[in-house]
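Working notes, structure below.
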Amino acid sequence: MDDIHEYLLSSCPSISKVICCIFLCILLPLGLCFKNTSKAPSYWIFFGTFPDLLWNCNRMYEKCAEIFLSLGKGSFYIDGPMFSKLRYLVTCHPQNIEYILKTNYNNFPKGEDFRDVFEILGDGIFNVDSDRWRIQRKMAHAELSSRELKTLVSNTSFKVVEEQLVPFLAHAAAQGIAHDINVILGFGRYENYLSIELPSNELAEALDDVPLALVYRSMMPTVLLKLLHRFEIGEERKLKNAQKKIHKIVEDYICQKEKDLVAGVKSYDLLSTYIKALDDETSTVSSLHKKEIFLRDEMINFWIAGRDTITSGLIWFLWLVSTTPAVQTKILEELNLLSSHSKNSREKETGSSTTGKWPWIFGSEDLKGSVYLHAALCESLRLYAPLPFNKKSVAKKDQLPEGSTVEPGMEIMLSFYSVGRMPWIWGEECLEFKPERWMTENGKLITEPISKYFPFNIGPRTCIGKDISFTMMKCVVAAVLFKFHVEVVKSPVVCTKPYINLHMKNGLKVNIKKRTI
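Below you can see the structure in the form of structure tokens.
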């Protein structure tokens, strides 16, 4: 509850004290008198089940999983205060999720409430529906699936790992002190982020203020959200300031990029390709929005979507691997084989020996043959999907496959975090980190779609950056594990924090040592 209290008091004492008094003088005593001993959400007269959600907001992902396990089914309702008309259906049932995201996805748009919550995304691809989304999806798919961009991602990942990440880890190993892996693996934020001094950056710091505010926004009834927004209470003030900074930085960057392109400066990156594509399709631009605003919103969408999701995936993966020695051993065995094969190939191509060269950095081509590493990443994402929830609205009354009824005005929360923790979905060993789930008896990768696996979404809005994400994550974890021993420092129980992306509360302290192979 400390985060909620700070959130309400941080900016506007007079109004926030009234809100806190209502909560502390009415809801808290009731909660103590009628404490719910079961895991199911309590129903409070006048206030519905919303206080239970608010009370557990600092561990909302774990709480939802506990409720599903307690109820023994894949869906439950959350009712807001009587005056708010707020009602959620929370579900982790794979058939429901597939129905909502794929089979009948037209009936479950993001909706206006989603746009209000994620205002910072503007009219970007992750914030729009219908025709506007289809146009943007087509453009994004064309650019992200191009051979040129894939080559750029591969080369950039290799360069950043070789020139920044590995030297930084070598320095950390020489220091012999614990480091927070959350900080280290934010390396993709901007140029020279991983210099020894870990310099600050205005854009990165502004982006850091966004996720927590969005979590609180997604939980609040519309009336309360508008009140907090109007008076800039707590995270709303941070979000407003962050949005101004982000808009200014991105707009200046776009302006400079356009000047460079006009001057004939050769550049190949996502922004450059978007500018060129829009110049070639003026009709598309007019059907979307003003060009500068469209470019700004798209870049912010891709930054927010790609930046924290990959970092989240890497952190949870390294924690799982470092605490599961058997899995780490198998990954290292595979990396040794791939390393030997790649070294022989490079020696034949260049005619020079690679023996004794440190560090050996895996390129994306070197890792294409990885099976166990890929399976381990899939398994890590099953347990710790970077996007733990997805939120949808309802266009028309409908009945979901497992029997729940949804109506217009309701919100649906898809709990991807809970999916990986249900024995009736993944078996009694669902909590085990077991890469073998993703391999056949012959040691081949299971490549066909699995209808209970949603880290990259499914249906028309399936993540178009999936292959790029795997390329980047493989390049990083292969370099880290092959040359360094990452040892988790004993600390309190690892748990999640209330972020839009799945982050660790209090970070993850590790000791880093050079590995001798």
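Just so you know, we're using the working numbering here: the sequence shown kicks off at 792 and counts up by one. Even glycine gets a Cβ: it sits at the ideal position worked out from N, Cα and C.
What whole-angstrom Cβ distance do residue i and residue j have, given they're in contact under 8 Å?
| i | j | result |
| --- | --- | --- |
| isoleucine 1226 | alanine 1166 | The residue you asked about is not isoleucine; residue 1226 is proline in the sequence shown. Between alanine 1166 and proline 1226 the Cβ distance is about 4 Å, and since that is below 8 Å, they are a contact. |
| arginine 1228 | phenylalanine 1275 | About 27 Å separates the two Cβ atoms, so there is no contact after all. |
| valine 952 | valine 1267 | 6 Å |
| glutamate 1193 | glycine 865 | 6 Å |
| proline 1199 | lysine 1183 | With a Cβ gap of about 12 Å, proline 1199 and lysine 1183 do not count as contacting. |
| phenylalanine 1273 | serine 1130 | 7 Å |
| leucine 1168 | phenylalanine 1207 | Not quite, the Cβ-Cβ distance comes to about 16 Å (not below 8 Å), so this is no contact. |
| methionine 1264 | leucine 1105 | 6 Å |
| leucine 892 | arginine 1252 | 7 Å |
| leucine 844 | isoleucine 869 | 6 Å |
Using the Cα positions of residue i and residue j, report the straight-line distance between them to the nearest angstrom.
| i | j | result |
| --- | --- | --- |
| lysine 1296 | tyrosine 1290 | 10 Å |
| valine 1277 | asparagine 849 | 28 Å |
| glycine 1160 | isoleucine 1216 | 30 Å |
| leucine 1293 | alanine 997 | 19 Å |
| glycine 1211 | leucine 1222 | 8 Å |
| threonine 1120 | serine 1103 | 23 Å |
| threonine 1115 | phenylalanine 867 | 34 Å |
| glycine 1298 | valine 1053 | 44 Å |
| arginine 1021 | threonine 1013 | 12 Å |
| isoleucine 1024 | glutamine 955 | 39 Å |
| glutamate 903 | lysine 1243 | 28 Å |
| proline 900 | glutamate 1202 | 10 Å |
| aspartate 920 | asparagine 1181 | 15 Å |
| arginine 878 | tryptophan 1151 | 54 Å |
| isoleucine 1303 | serine 1133 | 26 Å |
| threonine 828 | serine 861 | Note that threonine 828 scores 44 on pLDDT, short of 50, meaning its location in the model is unreliable and no value can be drawn from it. |
| valine 1301 | proline 842 | 37 Å |
| leucine 943 | lysine 950 | 10 Å |
| valine 1280 | tryptophan 1110 | 11 Å |
| alanine 1004 | threonine 1100 | 17 Å |
| lysine 863 | glutamate 853 | For the record, residue 863 in the displayed sequence is glycine; it is not lysine. Looking at the two C-alpha atoms, the distance is approximately 15 Å. |
| phenylalanine 905 | serine 1009 | 8 Å |
| aspartate 914 | histidine 1038 | 13 Å |
Per DSSP, residue i is paired with what?
| i | result |
| --- | --- |
| threonine 1196 | Gln1190 |
| valine 754 | Not covered by the structure: residue 754. The range shown for the chain is 792 to 1308. |
| tyrosine 868 | Leu880 |
| isoleucine 1203 | Leu880 and Lys1183 |
Which of the three DSSP states is assigned to residue i in this structure?
| i | result |
| --- | --- |
| lysine 1036 | helix |
| arginine 1008 | helix |
| proline 1289 | coil |
| serine 1058 | coil |
| phenylalanine 838 | coil |
| proline 1219 | Per the sequence shown, the amino acid found at residue 1219 is glutamate instead of proline. If DSSP states are grouped into helix, strand and coil, glutamate 1219 belongs with coil. |
| valine 881 | strand |
| leucine 1019 | helix |
| methionine 1295 | strand |
| tyrosine 896 | helix |
| isoleucine 1084 | helix |
| methionine 1230 | strand |
| leucine 1158 | coil |
| leucine 1236 | strand |
| leucine 1178 | coil |
| methionine 873 | coil |
| serine 936 | coil |
| tyrosine 1244 | coil |
| cysteine 919 | The identity of residue 919 in the sequence shown is valine, whereas the question assumes cysteine. Reduced to three states, the DSSP call for valine 919 is coil. |
| phenylalanine 909 | coil |
| cysteine 1046 | helix |
| cysteine 855 | helix |
| isoleucine 891 | helix |
| lysine 901 | coil |
| glycine 1250 | helix |
| tryptophan 1094 | helix |
| lysine 826 | Legend: pLDDT at lysine 826 = 44, less than 50; position of this residue unreliable, value from coordinates given subsequently. Here lysine 826 sits in coil by DSSP. |
| asparagine 847 | coil |
| proline 832 | coil |
Using a C-beta cutoff of 9 Å, does residue i count as contacting chain D?
| i | result |
| --- | --- |
| lysine 950 | The structure shown has no chain D; it contains just one protein chain. |
### Query
How about the stretch 1059-1066 and the stretch 1020-1035: do they share at least three Cβ pairs that are nearer than 8 Å?
Here the stretch 1059-1066 does not lie against the stretch 1020-1035, with fewer than 3 beta-carbon pairs under 8 Å apart.
### Query
Okay, do the stretch 1087-1104 and the stretch 1036-1047 touch, 3+ Cβ pairs below 8 Å being the bar?
With the rule of 3 Cβ pairs closer than 8 Å, the stretch 1087-1104 counts as touching the stretch 1036-1047.
### Query
Within the chosen definition, does the stretch 1168-1177 reach the stretch 954-968 through at least 3 CB pairs nearer than 8 Å?
Counting Cβ pairs under 8 Å, fewer than three are found: no touch.
### Message
For the structure I just gave you, are there three or more beta carbon pairs, one from the stretch 874-883 and one from the stretch 1150-1159, closer than 8 Å?
### Response
By the C-beta criterion, the stretch 874-883 is judged not to be in contact with the stretch 1150-1159, since fewer than 3 inter-stretch pairs fall below 8 Å.
### Message
Within 8 Å, do at least three Cβ pairs link the stretch 1241-1248 to the stretch 920-935?
### Response
Taking a contact to require three or more Cβ pairs closer than 8 Å, the stretch 920-935 and the stretch 1241-1248 do not qualify as touching.
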